[in-house]
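Residue numbers (the numbering used here): 16 to 327. Glycine is no exception: its CB is placed at the ideal position from the N, C-alpha and C atoms. The structure appears below as structure tokens.
Structure, rendered in structure tokens:
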């Protein structure tokens, strides 16, 4: 079975919605009223991804809670899609079956838990996305032969955060910022992306540092044309020094990570693996030191000489 790709979009989704505070506020802001009354948010509990199954297909995020009367459990299953995947609902159906099959094997279980499938989408043209299992079948044949009762069916709770969607950005400041990054992630003109970020920061009168940092890195990794330094200058020009500093901090960290990767590749090519102590020194070094070592390794003749240079 092919492995589900870990795209920058998936990574950002898991880093943000993997935080209980963000998921809880999102659900409280967006779930239909009947579901908000149904779920006990005070007992929302993240579950490991592996709970769904041992195969390489897995849901993006899974949470469990109690329902109002505390008698039964309820799962909230998130599936994130940054593009229109025709078989998303089929994947979700597979996850539901796996969870229930595991419960079936649990001693003493007589009733299965409820599962609310949530499809979080931002790939554009949301009206074309399949949102219910029934859409996989020919509806005319179903109606002509009254087949509804013989077919499995469920609907997803569908949220479209594409830039062309009319769905409003709700929630607290961290959730709003997270959703804004998803909404602008697919805008073709990167200049418009910069403008959207700046306008949002102005409208919010500042942003959460951690989410802004993650979001800027998300755009940098997912958009080849994104430039930290252009965004930094535009933020500074608008008087947003705090946000401009966050952008530069994100850029420096990414540069350091890439410089370390290149240095370790040089070391491995020239000397093989170094001892753990030396590797620890390299991993904790700042960008200037890493760049210095990348130049030094070109001129040293032996591993011993290079290690001595690192340690002194």
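Residue 209 beta carbon near the ligand COA (any heavy atom closer than 7 Å): Summarising the ligand content, the structure contains no ligands, and the ligand COA is consequently not present.
Residue environment, residue 174, which counts as buried when at least 16 other CB atoms sit within 10 Å: In the assembly as shown, residue 174 is a buried residue. Its beta-carbon has 16 or more other beta-carbons within 10 Å.
Same chain, Cβ closer than 6 Å to residue 78, neighbours up to 5 away in sequence not counted: 59, 61, 91.
Straight-line gap, residue 46 to residue 172 (C-alpha atoms, nearest Å): Residue 46 and residue 172 have their C-alpha atoms roughly 8 Å apart.
Residue 270 to residue 110 span [Cα, whole Å]: Taking the straight line from one Cα to the other gives about 39 Å.
Inter-stretch contact (C-beta, 8 Å, three-pair minimum) for the segment 102-121 and the segment 33-48: The answer is no - the segment 33-48 does not touch the segment 102-121, with fewer than three Cβ pairs under 8 Å.
Beta-ladder partner(s) of residue 61, from DSSP: DSSP output for residue 61 lists 78 as bridge partner(s).
Length of the line joining the Cα atoms of residue 167 and residue 252: For residue 167 and residue 252, the distance between alpha carbons rounds to 57 Å.
Exposure label - residue 206; buried when at least 16 CB within 10 Å: Flag for residue 206 reads exposed.
Cα-Cα separation between residue 121 and residue 127, rounded to whole angstroms: The C-alpha of residue 121 lies about 10 Å from the C-alpha of residue 127.
Distance between beta carbons of residue 94 and residue 135, contact taken as under 8 Å: Rounded to whole angstroms, the Cβ separation of residue 135 and residue 94 is 7 Å, and the two are in contact under 8 Å.
Among 300, 306, 314, the one whose alpha carbon lies nearest that of residue 326: Of 300, 306, 314, the residue nearest in Cα terms is 300.
Local Cβ density within 10 Å of residue 197, reported as buried at 16 or more and exposed below that: So residue 197 counts as buried.
According to DSSP, residues forming a beta bridge with residue 139: Beta-bridge partners of residue 139 (DSSP): none assigned.
Touch test, the segment 278-296 against the segment 240-247, Cβ-Cβ under 8 Å, three pairs minimum: No, the segment 278-296 does not touch the segment 240-247.
Identified DSSP bridge partners for residue 147: Partner(s): 170.
Spatial neighbours of residue 228 in its chain, beta-carbon cut-off 6 Å, leaving aside the 5 residues before and after: Excluding the 5 residues flanking it on each side, residue 228 has same chain C-beta neighbours closer than 6 Å at 261, 265, in chain order.
Beta-bridge partners of residue 55, as assigned by DSSP: In the DSSP assignment, the residues bridged to residue 55 are 81.
Exposed unless 16 or more other CB atoms sit within 10 angstroms - verdict on residue 116: Exposed is the call here.
Nonlocal neighbours in the same chain, by C-beta distance under 6 Å from residue 209, ignoring five residues either side: Spatial neighbours of residue 209 in its own chain (CB-CB distance under 6 Å, excluding positions within 5 residues in sequence) are listed in chain order as 246, 249.
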